[in-house]
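Data block below; observations after.
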Amino acid sequence: MALMQPTGLFINVHKALVIPVTVAVMLSFSNFSTAMWLYLGMHGSYSILWLIKGRTYPDRRFAEKVPIWIGIVFVFLPLAGYYAAPILLAWLHPNVPAWAAGLGVSVFTFGIFLHYVSDAQKYYTLQVRSGLIDTGLFARTRNPNYLGEILTYMGFAIISWHWIPFLVNSAWIFGFFVRNMIKKDRSMSRLPGFASYKARTGMLLPRLLRPAVRPAAVE
982 MALMQPTGLF
992 INVHKALVIP
1002 VTVAVMLSFS
1012 NFSTAMWLYL
1022 GMHGSYSILW
1032 LIKGRTYPDR
1042 RFAEKVPIWI
1052 GIVFVFLPLA
1062 GYYAAPILLA
1072 WLHPNVPAWA
1082 AGLGVSVFTF
1092 GIFLHYVSDA
1102 QKYYTLQVRS
1112 GLIDTGLFAR
1122 TRNPNYLGEI
1132 LTYMGFAIIS
1142 WHWIPFLVNS
1152 AWIFGFFVRN
1162 MIKKDRSMSR
1172 LPGFASYKAR
1182 TGMLLPRLLR
1192 PAVRPAAVE
């Protein structure tokens, strides 16, 4: 029988290696530019926060156990594609324009906010009650956490100043995020009120012109 490990372990190993990998390529290519340090600070902080999140409000999906070889081939190795950004940035020494650095930080900041805050909202709401979550960050988009994760990695891609990280991000968007969002919609379709919730929200991008549902007052 194959040894089994939770899928979260393989994700956490990838996150834990972000800082060592980035520092290693900085040393290997002697690249200590402002853009390189900026990338290290952004992706390193994101990874540390991910590990903290896993200890404080973990995602139950990542508790599912899989054989080690499946975790390596189908979880860790696809995630390793994200290492392309720091490797290319360190190797090619691009002259990242100041406006691109500012844009990358801005996109990253919006992304990390949406990702971690919506995950916290979902986790702590489900500690109190089950059912549909349609308030807060979920009031206008059904997947603010996925939107946040996509924006986070788009921020990294902008800082890398190369097209390959955008290609990696696109592969993840269409190969993982879109598929999971469709699967999630099918699962939530059984919940009361989902039809009206779906009609007033976007699957990924928020519908900003529609009135949001306000949470009920707590007496």
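Positions 982 to 1200 (my numbering) are the ones given, in order, by the sequence shown.
For glycine and all other residues, C-beta sits at the position ideal for the given N, C-alpha and C.
Because the structure is a prediction, the values reported are computed rather than measured.
Exposure of residue i, with buried meaning 16 or more beta-carbon neighbours within 10 Å
{"i": "residue 1156", "result": "exposed"}
{"i": "residue 996", "result": "buried"}
{"i": "residue 1088", "result": "buried"}
{"i": "residue 1202", "result": "A query on residue 1202 cannot be resolved here, the shown segment of the chain reaching from 982 to 1200 and no further."}
{"i": "residue 1137", "result": "buried"}
{"i": "residue 1037", "result": "exposed"}
{"i": "residue 1023", "result": "buried"}
{"i": "residue 1197", "result": "At residue 1197 the pLDDT is 48, less than 50, meaning the model places this residue with poor confidence and gives no usable figure here."}
Beta-carbon gap between residue i and residue j smaller than 8 Å
{"i": "residue 1057", "j": "residue 991", "result": "yes"}
{"i": "residue 1092", "j": "residue 1129", "result": "yes"}
{"i": "residue 1169", "j": "residue 1127", "result": "no"}
{"i": "residue 1148", "j": "residue 1125", "result": "no"}
{"i": "residue 1064", "j": "residue 1002", "result": "yes"}
{"i": "residue 1140", "j": "residue 1019", "result": "yes"}
{"i": "residue 1028", "j": "residue 1053", "result": "no"}
Rounded separation between residue i and residue j - CA only
{"i": "residue 1154", "j": "residue 1097", "result": "18 Å"}
{"i": "residue 1076", "j": "residue 1146", "result": "17 Å"}
{"i": "residue 1009", "j": "residue 1067", "result": "12 Å"}
{"i": "residue 1006", "j": "residue 1123", "result": "38 Å"}
{"i": "residue 1190", "j": "residue 1178", "result": "15 Å"}
{"i": "residue 1084", "j": "residue 1150", "result": "17 Å"}
{"i": "residue 1078", "j": "residue 1143", "result": "12 Å"}
Closest Cα partner of residue i within the set the options
{"i": "residue 1115", "options": "1099, 1127 and 1015", "result": "1099"}
{"i": "residue 989", "options": "1085, 1055 and 1006", "result": "1055"}
{"i": "residue 1013", "options": "1040, 1070 and 1188", "result": "1070"}
{"i": "residue 1047", "options": "1000, 986 and 1021", "result": "986"}
Check: residue i C-beta below 7 Å from any heavy atom of the ligand MN
{"i": "residue 1053", "result": "You won't find the ligand MN in this model; it holds no ligand whatsoever."}
Ignoring anything shorter than 4 residues or poking outside the stretch 1104 to 1177, list the alpha helix (DSSP H) runs there in chain order.
The stretch 1104 to 1177 contains these whole alpha helix (DSSP H) runs: 1125 to 1141, 1144 to 1153 and 1159 to 1169.
To test your reading of the DSSP string, which unbroken alpha helix (DSSP H) runs of 4 or more residues are found completely within the stretch 1004 to 1072?
The stretch 1004 to 1072 is shown to contain whole alpha helix (DSSP H) runs of 4 or more residues at 1015 to 1037, 1049 to 1052 and 1058 to 1061, in chain order.
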